[in-house]
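So the mapping is simple: the working numbering equals the position in the sequence shown, first residue as 1, plus 19. Beta carbons: idealized from backbone N, C-alpha and C, even for Gly. In this text the structure is predicted, and so the values were computed from the model without any measurement. Take a look at the structure set out below.
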Amino acid sequence: MTGCLIYILYAGIRATFHWFLVVAILSILIEGVALMLNKWRCPLTTHAEKWGAEKSSVADIFMPRIIASNLFRLGPYIFGTELILVVVRYVYG
């Protein structure tokens with residue numbers, strides 16, 4: 020998710036529009052649907068608890084704690100802002 024958000028920001032700033040931007044946007048949307056269907060809880064957390072993880076959070080394995088603890092809360096706002104930037108850059112150049 021973080022990599023996709025960074026790429027969408029890059030594409031919006033540089034006005035780079037090609038298939039990889041579509042893949043990044045679709046990845047974020049699919050992840051959002053997965054979270055929504057899992058009652059706003061990461062599906063990997065459920066699997067970690069099932070297999071006996073001491074801590075139920077799995078996001079800190081892949082990224083620093085400050086990012087992991089705030090990404091799901093701030094991600095939709097960041098994504099929305101980046102989408103607005105991409106649309107504005109696409110329409111107005």
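| query | What did DSSP end up calling H66 once you bin it into helix, strand or coil? | reply | Within the sequence shown, numbered from 1, the residue matching residue 66 stands at position 47. Three-state result, H66: helix.
| Uninterrupted alpha helix (DSSP H) stretches inside the segment 31-65 (no shorter than 4 residues) | 38-56
| message | Looking only at its chain, what residues have a beta carbon closer than 7 Å to the beta carbon of I44, apart from the 5 residues adjacent to it on each side? | response | On the sequence shown, position 25 is the one that residue 44 refers to. So the qualifying residues of the chain are I27.
| Straight-line gap, G51 to L63 (C-alpha atoms, nearest Å) | Taking the first residue of the sequence shown as position 1, residue 51 is located at position 32. Taking the first residue of the sequence shown as position 1, residue 63 is located at position 44. Each residue's alpha carbon lies about 14 Å from the other.
| request: Consult DSSP for G94 and reduce its assignment to one of helix, strand or coil. | output: The residue given as residue 94 occupies position 75 in the sequence shown. Three-state result, G94: helix.
| request: Go ahead and pull the three-state DSSP assignment for G112. | output: What you label residue 112 is simply residue 93 of the sequence shown in a count that begins at 1. Correct three-state label for G112: coil.
| request: Please confirm if the segment 30-39 is in contact with the segment 100-111, defined as three or more CB-CB distances below 8 Å between the two stretches. | output: yes
| Between C23 and the rest of its own chain, which residues show a CB-CB distance below 7 Å, the 5 nearest in sequence each way excluded? | Stepping through the sequence shown from its first residue, residue 23 is reached at position 4. Correct list, in chain order: A43, S46, I47.
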